[in-house]
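Colleague: Quick note on numbering: our numbering labels position 15 of the sequence shown as 12, and the sequence is numbered without any gaps.
All C-beta atoms, glycine included, are put in the ideal place defined by N, C-alpha and C.
A quick note: this is a predicted structure, and the numbers were derived from the prediction, not measured.
Take a look at this one; I'll ask things after.
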Amino acid sequence: MADQVVDCEFQALRNRFKHNAELLLHGNSLGTDIDNTPEDEDKKEKPLPRFNRHAVFWILASGTLTYYVDFFGVIKEDVHIKSWWFNIGLILLAICLALALFCILFLEWFCGMRDYDREYPAIAPITTAAFIAASGSFNIALWPVWSFFTPVILFTQFMGVVMFISLLG
């Protein structure tokens, strides 16, 4: 008798978790969305301003750093750069840029696909892994030139480029 009560309670608990999991996966089928308030809808509709102090700071810092450390001159002419690691970094960065252009230009603009993560779920992890490997390769390649300043310089350059791209679109 006690086993039947335990089995019945276990079955009820299992059904409740199964129902909650279905609601999480497929959305609320009743059409009532408790979490949405008018304030949340206003936040979704109103885009953030493109020009903000944060973006301007990183762009100016990147430009200033590029000028004072003669970034492009060092990249072109310094013999202390480990060229093998630098070339690996360039290849990995090209893979990142190719995947980003594929997503933005082809999938979003040409095909009109806004949610390409659902169709191509592997793009984001591959791009992330390639970028992390590229940044590691660039740090190894440029370490003989700038020593422990290398990660700071490369991170500032990265943030400047990201903020500049965010201003464009």
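1. Have a look at residue 28 and residue 16 and give me their C-alpha separation to the nearest angstrom.
2. Flag this pair as touching only if the stretch 139 to 147 and the stretch 92 to 99 have three or more C-beta atom pairs under 8 Å; answer yes or no.
3. Could you give the DSSP three-state label for residue 78: helix, strand or coil?
4. Anyone know if the C-beta pair for residue 120 and residue 98 falls short of 7 Å?
5. Just to confirm the assignment: which complete alpha helix (DSSP H) runs, minimum length 4, are found wholly within the stretch 86 to 148?
6. Cβ of residue 86 within 7 Å of Cβ of residue 131?
7. Which value, in whole angstroms, describes the spacing of the CA atoms of residue 100 and residue 156?
8. Cutting at 7 Å between CB atoms, please list the residues of its own chain near residue 114, excluding the five before and the five after it.
9. Who are the near neighbours of residue 48 in its chain, counting only those whose CB is closer than 8 Å to its CB and skipping five residues on each side?
10. How about residue 138 and residue 73: do their beta carbons lie closer than 7 Å?
11. Cα separation between residue 158 and residue 117?
12. Could you give the distance in angstroms between the alpha-carbon of residue 77 and the alpha-carbon of residue 67?
13. Apart from the five residues on each side of it in sequence, which residues of its chain come closer than 6 Å, Cβ to Cβ, to residue 134?
14. Please confirm whether residue 152 and residue 56 have their CB atoms less than 7 Å apart.
15. Could you check what DSSP says for residue 170 in three-state terms: helix, strand or coil?
Modeller: If we stick to the structure as given:
1. Caution applies to residue 28, whose pLDDT of 48 falls short of 50 and renders its modelled position unreliable; the value that the coordinates give is listed next. Those two C-alpha atoms are separated by around 16 Å.
2. Because the criterion of three Cβ pairs below 8 Å is not met, the stretch 139 to 147 and the stretch 92 to 99 do not touch.
3. Residue state for residue 78 is assigned as coil, using DSSP reduced to three classes.
4. no
5. 113 to 116, 120 to 143
6. yes
7. Whole-angstrom Cα-Cα distance: 21 Å.
8. 121
9. 164
10. no
11. 26 Å
12. 15 Å
13. Result list for residue 134: 82, 85, 86, in chain order.
14. no
15. This structure cannot speak to residue 170, because the chain is shown only from -2 to 166.
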